[in-house]
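A.B. asks:
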Amino acid sequence: MTATRLCRTFQTAPAAVPRDDSAKFLTSGLTSDGFQTPDWLVPDIEDGTAPSMKAEAVDNVVEQLPEYAPDFAGHVLPRVEWAYDDQRFRDRGREQVRRLAAEVGDHLDGFVVPKVGRIDDVRDAAGVLAAAERDAGLDDGALDMAIIFETATARSDLREICQFAADSRLEALIFGPVDYTAELGGRALDGDRPRWDGLLEVLSNETSAAGVAAIGGPFDQLFHERAGVTYYNAEGYADQVEHEATIGIDGSWSLHPKQTAQANRIHMPRSDELTEALRKVEAFNEAKREGTGAVVVDGQMVDEATYRNFANTVQTVRAVDETHPEQTAEYYEERLLDRALSVELRFN
Amino acid sequence: MTATRLCRTFQTAPAAVPRDDSAKFLTSGLTSDGFQTPDWLVPDIEDGTAPSMKAEAVDNVVEQLPEYAPDFAGHVLPRVEWAYDDQRFRDRGREQVRRLAAEVGDHLDGFVVPKVGRIDDVRDAAGVLAAAERDAGLDDGALDMAIIFETATARSDLREICQFAADSRLEALIFGPVDYTAELGGRALDGDRPRWDGLLEVLSNETSAAGVAAIGGPFDQLFHERAGVTYYNAEGYADQVEHEATIGIDGSWSLHPKQTAQANRIHMPRSDELTEALRKVEAFNEAKREGTGAVVVDGQMVDEATYRNFANTVQTVRAVDETHPEQTAEYYEERLLDRALSVELRFN
Amino acid sequence: MTATRLCRTFQTAPAAVPRDDSAKFLTSGLTSDGFQTPDWLVPDIEDGTAPSMKAEAVDNVVEQLPEYAPDFAGHVLPRVEWAYDDQRFRDRGREQVRRLAAEVGDHLDGFVVPKVGRIDDVRDAAGVLAAAERDAGLDDGALDMAIIFETATARSDLREICQFAADSRLEALIFGPVDYTAELGGRALDGDRPRWDGLLEVLSNETSAAGVAAIGGPFDQLFHERAGVTYYNAEGYADQVEHEATIGIDGSWSLHPKQTAQANRIHMPRSDELTEALRKVEAFNEAKREGTGAVVVDGQMVDEATYRNFANTVQTVRAVDETHPEQTAEYYEERLLDRALSVELRFN
């Protein structure tokens with residue numbers, strides 16, 4: 010997993026909003042700190058920006074990145090316009106990519122391309138990035154690509170798209186349930202869209218097989234209201250992110266700094282998970298020294314395969330500690346963190 | 010979506026039953042009215058008709074259609090015999106298609122072919138229809154084909170089958186859970202077959218990608234009994250149809266006029282859905298006029314993608330109103346219907 | 010379905026454990042009786058055996074099989090080492106297969122190969138068995154192959170792997186959820202791994218389309234503890250096995266004789282299922298004699314398709330009765346069993 014692929018949080022920020030300071034959300038994303046810092050910040054020139062403000066959105070990205078990107082701990086990948094079924098969107102997207110690569114390419118980690126269709130459309134989008142990269146004089150492969158996975162045709166070609174990803178600049182697939190549900194003609198009869206469990210399973214599988222990142226879709230019920238008081242819907246979002254983590258989705262979409270703060274935490278092992286993992290890893294290490302291939306700890310068999318699960322938990326903590334030591338320091342007790350950083354991880 | 014593909018309801022009627030009037034159910038289907046009129050009426054020469062009555066079943070269709078089809082508001086597609094793994098069924102099916110096309114081809118919209126297997130078998134079935142169409146002197150493509158999707162091999166080839174559909178007379182896939190479960194060796198340990206959620210998701214996706222219709226499977230627990238009284242199981246069927254609608258399955262299988270009356274309604278937007286959709290569409294139209302790309306209505310973000318969902322709801326109402334104005338007039342308050350018919354739907 | 014494919018139970022037994030009698034579990038598996046006899050006994054040289062004891066594990070299998078296999082009612086397929094992503098495992102696996110085929114090939118029904126990847130890796134494993142079979146002078150095709158299906162790449166290639174199975178020695182796919190979850194980066198946030206419902210559905214489908222067996226994954230929460238008393242977790246395992254049976258998974262993984270005793274029973278029709286099936290079969294036989302193609306029994310429509318479901322239930326009882334008459338005699342009342350063995354099963 011390259012650095013770009015570490016994506017607990019994928020936070021979109023409208024690149025231009027109709028306020029006095031049209032770059033307000035872009036700036037606040039780029040200057041966030043602590044657990045509110047997203048692993049990826051995605052200046053949104055597509056659906057989050059009004060049609061009449063697209064040009065200003067690109068201007069804002071061009072102006073803000075040189076000032077804020079150097080001190081921003083995460084990665085920056087603007088979402089440009091694109092649509093597999095509309096040439097006008099693809100033309101605008103190509104121009105947005107070209108201009109951003111040329112003017113602020115050094116501050117960009119790549120681009121997010123929405124509404125891709127079949128594998129040929131994904132290849133076309135990758136070609137647009139390659140051309141812009143070349144024209145801007147950037148290193149070959151400097152610009153990563155992520156795609157929003159939100160059409161019936163992209164779902165149909167998922168396997169081919171991920172196989173393409175294995176050898177290309179395509180580094181992540183992000184689920185887009187709103188457009189996806191609309192394409193399929195789905196209805197929220199009881200107030201909720203389907204969760205598309207089957208799709209998420211296959212997305213987790215194919216991205217894992219290809220070694221690229223999978224990111225869940227946005228959660229738009231940001232706030233609840235009760236008896237006249239509006240409050241942040243912390244439960245709803247956490248439930249979704251926990252489900253994503255359970256099935257091996259690598260990161261979650263965030264629409265708000267509070268969501269980022271939650272998803273960054275949920276995609277880290279909890280203290281009790283880490284404690285259990287360390288106990289199992291240590292018991293198995295001990296059993297191995299004594300020549301036993303499998304041990305029973307707390308009534309659960311631990312063998313080579315189970316061991317790998319627990320070792321993964323420890324390795325995730327080490328990865329976060331490396332890039333965000335302030336987060337691990339805040340999240341874990343010092344003694345537990347020390348154990349995680351020092352325990353021996355042995356694989357066959 | 011062509012007219013044939015509009016299929017809220019797929020009602021099968023045995024084409025011959027062992028009664029004095031062996032065409033009883035066929036006649037009642039062809040003369041149904043109001044919400045009991047199915048979008049598709051399927052005279053069933055296959056599993057619903059006894060082996061000894063197949064010939065009489067074909068006779069009945071030949072006799073009834075000239076009399077009733079001209080005044081029937083829906084489409085008529087008989088289900089003939091077929092089986093990917095038994096040549097005798099395919100031979101009988103070919104002869105049934107040939108005779109019906111030759112004798113009442115002008116009153117038919119196509120045929121339903123059950124128990125297809127891999128893509129080659131589907132192509133063979135399409136070839137049988139093409140030959141019958143030619144021999145009967147019908148226009149090229151006059152006969153649509155729908156297939157019952159109920160074998161492990163058809164599920165395995167679903168993607169190829171739908172890609173074939175995009176360029177052929179194949180217009181709809183209908184799920185057949187009974188045969189499907191039997192092929193897989195599934196068991197109803199708690200009284201119910203599996204719902205096959207994963208299959209239904211992929212069916213909804215691939216048919217959407219190909220632009221053809223997906224129809225759910227039959228619900229055979231038609232009646233319940235309590236304390237000696239038997240009653241229509243309105244709850245069970247409605248639950249299934251609502252689930253299908255939620256995941257973008259376009260229509261539902263009906264075994265009874267009451268089921269048709271329910272499914273026709275469920276596959277129309279409810280008044281509260283339509284009201285909400287209109288509110289969101291109107292708010293977003295307003296926001297767009299003011300230059301904002303996304304607005305929050307009732308705590309939910311509405312952007313271009315969300316907008317499409319709500320616009321689809323309005324468009325469905327318009328489609329039903331065009332073909333069945335008596336249904337929309339009965340189902341919606343006049344003021345609400347007027348708003349749906351007149352609101353501006355704007356896409357990028 | 011060949012005899013090898015009859016696999017209600019797939020019981021792994023570590024081939025060597027660090028005890029005075031290192032073959033203890035192997036012997037007890039080979040000498041089990043009644044409902045504790047697994048359809049397949051799998052001497053485990055892979056994850057269940059410590060790295061330092063692999064050689065002794067092979068020795069144990071070589072020594073035990075000539076003594077116990079002739080009287081063992083089930084099949085014997087050792088699990089050897091293998092890993093699509095590590096040549097050292099494949100080298101050791103090839104040597105284990107070669108030696109076992111050469112020395113006790115006559116007592117073996119085949120091998121279980123774990124951690125296979127894409128279709129090419131599966132072909133390679135089949136080639137290793139073919140070479141060992143030839144070198145050992147065994148009949149062509151004497152050694153069946155089963156694979157543990159537990160990697161993202163194998164899931165990605167599932168359809169191709171099953172199509173290969175249709176024409177090869179590959180006879181069964183066994184799900185391995187622990188390694189699978191680890192590969193996808195899944196987490197047991199509430200204590201449980203995901204059940205991977207979508208994967209299991211597709212596994213059941215593709216194995217059915219290819220005519221090979223599908224086996225569920227191990228259930229490792231063998232025991233529960235309450236107030237100081239540890240007890241066998243009969244509920245947890247039965248729930249899993251019942252779910253597998255519902256969706257057409259042919260057999261279940263067992264880690265313990267008690268699990269074998271449960272799974273052997275659950276993969277037989279229950280008495281009430283058999284009673285209902287017989288009632289429906291008999292009613293439909295009667296209706297057919299009278300010329301009706303469909304009848305309603307207890308409010309449920311029975312037609313040709315439904316009939317096949319009920320006939321399958323009867324046929325399963327007959328298959329178990331043929332190989333394990335002591336199990337059917339214990340499990341069913343004599344009168345019910347007699348009806349199942351004598352009722353007419355008529356298909357079109």
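Protein chains in written order, with the working numbering: chain A, 10 to 357; chain W, 10 to 357; chain F, 10 to 357.
Every residue, glycine too, gets a C-beta built ideally from N, C-alpha and C.
(1) So that I know if they touch, is there some Cβ in chain A lying closer than 8 Å to that of Gln20/F?
(2) Residue range of the alpha helix (DSSP H) that Gln268/F falls in?
(3) Would you call the CB atoms of Phe34/W and Pro87/W closer than 8 Å?
(4) If we cut at 8 Å on Cβ distances, does Asn214/A have a partner in chain F?
(5) The alpha helix (DSSP H) spanning Ala197/F covers which residue range?
(6) Name the residue from Gly237/A, Val238/A, Tyr246/A, Tyr241/A whose alpha carbon lies nearest to the alpha carbon of Phe228/A.
(7) Go ahead and label Arg99/F buried or exposed: buried means 16 or more other beta carbons lie within 10 angstroms of its beta carbon, across all protein chains shown.
(8) Using a threshold of 8 Å, state whether the C-beta atoms of Val89/W and Val122/W are closer than that.
(9) Any idea what DSSP makes of Leu252/A, helix, strand or coil?
(10) Could you tell me the boundaries of the alpha helix (DSSP H) in which Ala161/F lies?
(11) If you count every other CB in all the chains shown that lies within 10 Å of the CB of Tyr360/A, and 16 or more means buried, which is it?
(12) Over the uninterrupted beta strand (DSSP E) stretch that includes Val238/F, give me the two end residues.
(13) With a floor of 4 residues, list each alpha helix (DSSP H) that falls wholly inside the region 65 to 117 of chain W, ordered by position along the chain.
(14) Looking only at its own chain, which residues have a Cβ that is under 8 Å from the Cβ of Thr36/W, when we skip the five neighbours before and after it?
(15) Could you compute how far the alpha carbon of Met10/W sits from the alpha carbon of Ser263/W?
(16) Measure the CB-CB distance between Asp112/W and Thr160/W and report whether it falls below 8 Å.
(17) Can the beta-carbon of Gln105/F be found less than 8 Å from the beta-carbon of Val67/F?
(18) What's the gap between the Cα of Ala12/W and the Cα of Asp153/W?
(19) Please list, in chain order, the chain W residues whose beta carbon lies closer than 8 Å to that of Val211/F.
(20) Got a sec: is the Cβ-Cβ distance from Glu192/W to anything in chain F below 8 Å?
(21) Whole angstroms is fine: what's the gap from Ala64/W's alpha carbon to Leu109/W's?
(22) Less than 8 Å between CB atoms is the rule here; does Arg168/F satisfy it with respect to chain W?
(23) What's the C-alpha gap between Arg355/F and Val323/F?
(24) How about the region 199 to 206 of chain F and the region 170 to 180 of chain F: do they share at least three Cβ pairs that are nearer than 8 Å?
(25) Can you tell me which of Leu283/W, Pro334/W, Ala338/W puts its alpha carbon nearest to the alpha carbon of Val352/W?
(26) Would you report the Cα separation of Ala292/F and Arg317/F, rounded to the nearest angstrom?
(27) What's the C-alpha gap between Gly136/A and Asp149/A?
(28) Under 8 Å between the Cβ atoms of Thr337/W and Leu346/W?
(29) Since Thr16/W contacts Asp48/W with CB under 8 Å, what's their CB separation in whole angstroms?
(30) State the beta-bridge partners of Ile128/A as determined by DSSP.
(31) What residue range does the beta strand (DSSP E) around Val51/W cover?
(32) Quick one: using the 10 Å Cβ neighbour count with 16 as the cut-off for buried, is Ser213/F buried or exposed?
(33) From the DSSP secondary-structure annotation, give me the bridge partner or partners of Gln336/F.
(34) Should Ala286/W and Pro278/W be called a contact, given that it needs their Cβ atoms to be closer than 8 Å?
(35) Below 6 Å CB to CB, which residues in the same chain sit around Ala25/F once its five sequence neighbours on both sides are set aside?
C.D. replies: On the basis of the data shown:
(1) Within the third sequence, numbered from 1, the residue matching residue 20/F stands at position 11. Not closer than 8 Å to any Cβ of chain A, the Cβ of Gln20/F fails to qualify, so no.
(2) Numbered from 1 along the third sequence, position 259 holds the residue referred to as residue 268/F. First-last of the alpha helix (DSSP H) with Gln268/F: 266 to 275.
(3) Reading the second sequence from its first residue, position 25 is the one you call residue 34/W. Reading the second sequence from its first residue, position 78 is the one you call residue 87/W. Contact annotation: Phe34/W and Pro87/W have beta-carbon atoms that are not nearer than 8 Å.
(4) Along the first sequence, one-based indexing puts residue 214/A at 205. It does; some Cβ of chain F falls within 8 Å.
(5) Taking the third sequence and counting its residues from 1, one reaches residue 197/F at position 188. Ala197/F -> no alpha helix (DSSP H), and no H or E assigned at all.
(6) For the purposes of this step, residue 228/A is identified with residue 219 of the first sequence, where counting begins at 1. Closest by alpha carbon: Tyr246/A.
(7) Within the third sequence, residue 99/F is the residue found at index 90, counting from 1. Arg99/F is buried by the Cβ-count criterion.
(8) Mapped onto the second sequence, residue 89/W falls at position 80. Mapped onto the second sequence, residue 122/W falls at position 113. Against a cut-off of 8 Å, the Cβ pair of Val122/W and Val89/W comes out as a contact.
(9) Mapped onto the first sequence, residue 252/A falls at position 243. It is worth fixing the name first, because residue 252/A is His in this sequence and not Leu. The three-state reading of DSSP puts His252/A in helix, counting H, G and I together.
(10) To locate residue 161/F, count along the third sequence from 1; it is residue 152. Here the alpha helix (DSSP H) through Ala161/F covers 161 to 165.
(11) Beyond the ends of chain A as shown, which are 10 and 357, falls residue 360/A; an answer cannot be given.
(12) For the purposes of this step, residue 238/F is taken as residue 229 along the third sequence, with counting starting at 1. 238 to 241 is the span of the beta strand (DSSP E), which, as asked, contains Val238/F.
(13) 96 to 113
(14) As a working note, residue 36/W is residue 27 in the second sequence. Result list for Thr36/W: Asp30, Gln73, Tyr77, in chain order.
(15) Residue mapping note: residue 10/W aligns to position 1 of the second sequence, counting from 1. Residue mapping note: residue 263/W aligns to position 254 of the second sequence, counting from 1. Per-residue confidence for Met10/W stands at a pLDDT of 38, beneath the threshold of 50, marking its modelled position as unreliable; the derived number appears in the next sentence. If you take the alpha carbons of Met10/W and Ser263/W, they lie about 21 Å apart.
(16) Mapped onto the second sequence, residue 112/W falls at position 103. Mapped onto the second sequence, residue 160/W falls at position 151. Contrary to the premise, residue 112/W reads as Glu rather than Asp in this sequence. No, the Cβ-Cβ distance between Glu112/W and Thr160/W is not below 8 Å.
(17) Looking up residue 105/F in the third sequence gives position 96. Looking up residue 67/F in the third sequence gives position 58. Taking 8 Å as the Cβ cut-off, Gln105/F and Val67/F qualify as a contacting pair.
(18) Here the question's residue 12/W lines up with position 3 in the second sequence. Here the question's residue 153/W lines up with position 144 in the second sequence. With a pLDDT of only 47 at Ala12/W, under 50, the local geometry of the prediction cannot be trusted, and no value is derived from it.
(19) Residue mapping note: residue 211/F aligns to position 202 of the third sequence, counting from 1. Against chain W, a Cβ distance below 8 Å from Val211/F picks out Gly207.
(20) The count along the second sequence starts at 1 and reaches residue 192/W at position 183. Interface residue, yes.
(21) Numbered from its first residue, the second sequence carries residue 64/W at position 55. Numbered from its first residue, the second sequence carries residue 109/W at position 100. The straight-line gap from Cα to Cα measures roughly 12 Å.
(22) Counting from 1 along the third sequence, the entry for residue 168/F is found at position 159. Interface residue, yes.
(23) Position 346 of the third sequence, counted from the first residue, corresponds to residue 355/F. Position 314 of the third sequence, counted from the first residue, corresponds to residue 323/F. When rounded, the distance between both Cα atoms is 12 Å.
(24) no
(25) Here residue 352/W is taken as the residue at index 343 of the second sequence, counted from 1. Considering only alpha carbons, the answer is Leu283/W.
(26) Position 283 of the third sequence, counted from the first residue, corresponds to residue 292/F. Position 308 of the third sequence, counted from the first residue, corresponds to residue 317/F. So the alpha carbons of these two residues sit roughly 13 Å apart.
(27) Start at 1 with the first residue of the first sequence, and residue 136/A comes out as number 127. Start at 1 with the first residue of the first sequence, and residue 149/A comes out as number 140. Distance between the alpha carbons of Gly136/A and Asp149/A is about 12 Å.
(28) Residue numbering aside, residue 337/W sits at position 328 when the second sequence is read from its first letter. Residue numbering aside, residue 346/W sits at position 337 when the second sequence is read from its first letter. Yes, Cβ-Cβ distance for Thr337/W and Leu346/W is below 8 Å.
(29) Against the second sequence, residue 16/W aligns to sequence position 7. Against the second sequence, residue 48/W aligns to sequence position 39. Note on residue identity: the sequence assigns Cys, not Thr, to residue 16/W. Your pair Cys16/W and Asp48/W checks out as a contact, with CB atoms roughly 5 Å apart and the cut at 8 Å.
(30) Working through the first sequence from its first residue, we reach residue 128/A at position 119. Bridge partners of Ile128/A: none, in fact.
(31) The residue given as residue 51/W occupies position 42 in the second sequence. Looking at the DSSP string, the run of the beta strand (DSSP E) that includes Val51/W is 49 to 53.
(32) Translated into positions along the third sequence, residue 213/F becomes position 204. Counting Cβ neighbours within 10 Å, Ser213/F comes out buried, since at least 16 surround it.
(33) As a first step, residue 336/F is located in the third sequence; it is residue number 327 there, counting from the start. BP columns for Gln336/F are empty, so no partner.
(34) Within the second sequence, residue 286/W is the residue found at index 277, counting from 1. Within the second sequence, residue 278/W is the residue found at index 269, counting from 1. A contact, by the Cβ cut-off of 8 Å.
(35) Within the third sequence, the letter at position 16 stands for residue 25/F. Result list for Ala25/F: Ser31, Thr58, Met62, Glu65, Ala66, Asn69, in chain order.
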